[in-house]
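Structure first, commentary second.
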Amino acid sequence: MKEEEKIEFLKSIELFSSLTDDELREITTNLTIKKFRKGQTILYEEDTNEYMYMIFEGEVKVIQTTEEGKEIILAMHGEGDFFGEISLLDGKTIPARVLAIKDSITAIISKKGFYSLLSHNKVAIKMSQILCSRLRESWAKVQMLNFNNASQRVKMLLIMLSEKYGNKTDEGIILKIKLTHQDLAEMSGLTRETVTRVIDKLQKSGEIEVLKNKVIRLTPDFCGEFKGAI
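Residue numbers (the numbering used here): 396 to 625.
Rendered as structure tokens:
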């Protein structure tokens, strides 16, 4: 990948949005481009991570496996997102596995390069803001998992997804992410069969519509019910 392509890629990442081209050019010297195939594990659970990963192309999911062997999706990251920074900050191992959902191209930066980045005040401030945002997302997820009612849990999950992936239109909010019922089950801690029943019920009530390619639209009825939350 050429230097100018790397610079354009870095501009798409929120962490570097406030930097100049010259500052971005300096960062590219510390980047290594790596490809991962669909289904390939990028980081194994309890691995000691030495890099921060930035997604240039593709999509990954962060998963934990319960003692019963059930997989729970903790987060999903797409183009322009980054992950792995927490273990670089506190030096602890990764408590989850990161798996490529699609063929993906990532730019990775070493621990040394990462700390060099934080010497830029603008990057350090932006990193703090992003970490605060992710902490709030974690709180919201805990709240969602505390719902005993399956319908409430799925609705709360859709609200959370709309905040990150939502595209507002006159016909409601379209989630710019393709999700299967299994994905929703792994994100909500429910079974796939339960999620299917809830989704069918929400479609029949006109609260959501499942469009082509498994993209979900939250209708004005759904948005009206949760006005102020989305």
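In this text, a Cβ means the ideal position worked out from N, Cα and C, and glycines have one as well.
Where residue i falls, given that 16 or more other Cβ within 10 Å makes a residue buried
i	result
L405	buried
N562	exposed
Y510	exposed
V537	exposed
M447	buried
I503	buried
G453	buried
E463	exposed
I594	buried
K465	exposed
A519	exposed
S514	exposed
L644	This structure does not reach residue 644, given that the chain is present from 396 up to 625, and the question cannot be answered.
L438	buried
is_contact[residue i, chain D] using C-beta, thresh 9 Å
i	result
T423	Absent from the structure: chain D. Only one protein chain is present.
Whole-angstrom distance between residue j and residue i, CA atom to CA atom
i	j	result
D476	S600	34 Å
Q459	V549	19 Å
K429	D498	11 Å
L494	K596	31 Å
E398	T423	7 Å
R529	M396	30 Å
A491	P615	36 Å
S482	R587	32 Å
A545	L484	36 Å
T591	L540	18 Å
T436	L570	26 Å
K487	D578	28 Å
G584	M471	15 Å
Residue i (DSSP reduced to helix, strand or coil)
i	result
F542	coil
H472	strand
I572	coil
Y510	helix
G561	strand
T589	helix
G453	coil
E441	coil
G464	coil
L597	helix
L606	coil
I584	The identity of residue 584 in the sequence shown is Gly, whereas the question assumes Ile. Looking at G584 - three-state DSSP - the assignment turns out to be coil, as it is neither helix nor strand.
M447	strand
Whole-Å CB distance - residue i paired with residue j, under 8 Å assumed
i	j	result
N425	G479	Their Cβ separation, rounded to whole angstroms, is 14 Å, which puts N425 and G479 out of contact at 8 Å.
N608	K573	5 Å
I496	K456	6 Å
E532	M555	7 Å
S407	K517	Not really, about 16 Å apart at Cβ, beyond 8 Å.
F451	E421	With a Cβ gap of about 18 Å, F451 and E421 do not count as contacting.
L469	L553	Not really, about 17 Å apart at Cβ, beyond 8 Å.
E441	I402	Actually they are not in contact, since the Cβ atoms of E441 and I402 sit about 35 Å apart, beyond 8 Å.
E409	K506	Going by Cβ atoms, the distance from E409 to K506 rounds to 21 Å, so no, they are not a contact pair.
Any non-hydrogen atom of the ligand MG within 8 Å of residue i CB
i	result
E399	Among the ligands in the structure shown, none appear at all, so the ligand MG cannot be discussed.
Every unbroken beta strand (DSSP E) inside the stretch 476–531 [3 residues or more]:
492–495, 499–505
Residue ranges of each beta strand (DSSP E) within the stretch 400–435, 3 or longer
426–431
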